[in-house]
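Just below is one structure, and these are the notes that go with it.
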Amino acid sequence: MTPPTTQRPRKLKSPPSQPQPRPPLPPRPPRIRRPRKGSLRDILRQHAGTALFMRPICWTDLHASLLGARFCELPPCDTPQPCDLPGPTPSQGHIQPSDTITRLSEALTEILTPLSPVAKPTSTAVKVILSTLWPAAFAKSHTAPELNMYYGDKVYFDAVRAQALWNFPPNPPTLSSQSSTATIIARPCESHGSLASTTTAHSPANLPMLCYIGKQQLATIRQHLFRVGTGPDAKPNMPVLRLQRLRAKQLIPTDSDEDAHFVGIFLAMAQRHFYTTPVKIPREGYWPPREGRWSPREGKPPRPNFQDVKLRILTHDNETCEFLVYTGYVTAKFLDRFYDPSCAPLDEDGNVEGMKIEFTRVPIWPILGLRERLGKALGEDIVGPFDPSKMETWEFDGPRPEPRSQDSDATVATVLTSKRKRGSSPSTSGESSEEESDDDDSDLPDKRRCLSEESRVGVVV
């Protein structure tokens, strides 16, 4: 046996190990920058105690003012109208109205004095009116459309609702180069100079063109917007009910012609031209989802190629029996405010870009001239070229017969005379030929005979 050693065992030198890499640092959160003055986030910060981040149906006059919406009333389109003189005899449309006149009259009566509080009959009546007046432009419509709204990297599904919607036709009517909207060219945006240089023409085909919603329908929605559950023993909760009535009363605009809800409709219609609808993903067990984001794999979508668009809203006033046509000018800079809520692009005057809305009144009665009056309010870029000085009478449901000239009447008389003389001897006098032709016609009772009496031509079967 070997005696135990008192020396410590020599440690074997291990080969030099490579230094372990340091763990990666966590990514720094993006630096929070102060939003520019006048941007949407700056507005929300300044009015922190006010409920501003709401759906357009809850927007008030304050929303329109903060967004820079400017309403401008244009002169009414009240011409042409038939002359109401006591001398001339009534037209054929007054004596025996055609099916078109009857259909228009019933539809106009329905929207002014609805038989039911439901919005569907009124929407159907408006569709009948527009498709009758301008069949090519308003052939296809969408009932109860629901439009999304986009704010930053979020999308709010079905945020804006209306009664009817018409898209731009795939083949727009032939117009002059100055009034055509088949292609809309955008002005360059200062805040995105690199993208503005590559702007291309925007085709609005099959995209929102005109939206309809009645004033009475808006008032009804606001009146029943807030629902109150019943209290104990199924009794109404009167304190909460009175509170909700006060909330609904605050949503009523000061001027019904300058409703802030129209600003939201124009914004949603314009965003529909440039955004692609993301897939709805249920969140927190609710379906359908009311709020969503783009897929995290895709990240924030790139800035769409925003361009200036010109859109319309149609409504009517039951008290004054008038149509109101709103024209909204939504610029690319205004859409940039919602794409990047921290930016505040300026207009040519150095102010934060807003929205300009023009509206004009169109008297509904009389029916004669309504097509031309409404056409002037909508514009030729919507309805196509037409002559506003010539009124459509709708006396005939089919194609309008062309008036005969004196030369054509003389030609018809010559042809009839030659037919009567056909088959008779040259020595036969005119009276005998007429008698023979009358005898021949009397033998054929189903044949039509042309009778002339004081240069008036009639048809007898």
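Be aware that the sequence shown starts at 1, since it is given in full-length UniProt numbering, and climbs by one per residue. The beta carbon of each residue, even a glycine, is placed where N, CA and C say it ideally should be.
- With 16 or more other Cβ atoms inside 10 Å of its own Cβ, Pro345 counts as buried.
- By the Cβ-count criterion, Cys72 is exposed, with fewer than 16 other Cβ atoms from all chains shown falling within 10 Å of its own Cβ.
- Across the structure, Leu210 and Arg245 are spaced so that their CA atoms are roughly 32 angstroms apart.
- When rounded, the separation of the alpha-carbon atoms in Ala205 and Pro301 is 23 angstroms.
- Within the stretch 150-176, the complete beta strand (DSSP E) segments of 3 residues or longer fall at 154-161, 164-167, listed in chain order.
- In the DSSP assignment, the residues bridged to Cys72 are Glu358.
- When DSSP states are grouped into helix, strand and coil, Tyr326 belongs to the strand group.
- Looking at the DSSP output, Val128 sits in no beta bridge, so it has no partner there.
- Across the structure, Phe323 and Pro366 are spaced so that their CA atoms are roughly 13 angstroms apart.
- Annotated as proximal: Arg312 and Val325, with beta-carbon spacing under 8 angstroms.
- The DSSP-derived three-state label of Lys37 is coil.
- Membership of Thr220 in the alpha helix (DSSP H) is indicated by the continuous run 215-223.
- Scanning its chain for C-beta atoms nearer than 6 angstroms, with the 5 sequence neighbours on each side dropped, one finds around Ala64 the residues Ala260, Val263, in chain order.
- DSSP places Val383 in the helix class (H, G or I) of the three-state scheme.
- Beta-bridge analysis with DSSP links Ile313 to Cys211, Tyr326.
- Taking each of Pro21, Leu40, Ile32, Thr122 in turn and checking the Cα distance to Cys343, the smallest one comes out for Leu40.
- Closest by C-alpha distance to Ala69, out of Trp394, Ile382, Ile265, Asp387, is Ile265.
- Look at Pro145 here: in three-state DSSP terms it is coil, with no helix or strand label.
- Shown here, Thr230 sits in a strand according to DSSP, grouped into three states.
- By the Cβ rule, the stretch 359-379 does not count as touching the stretch 47-59, because fewer than three pairs are nearer than 8 angstroms.
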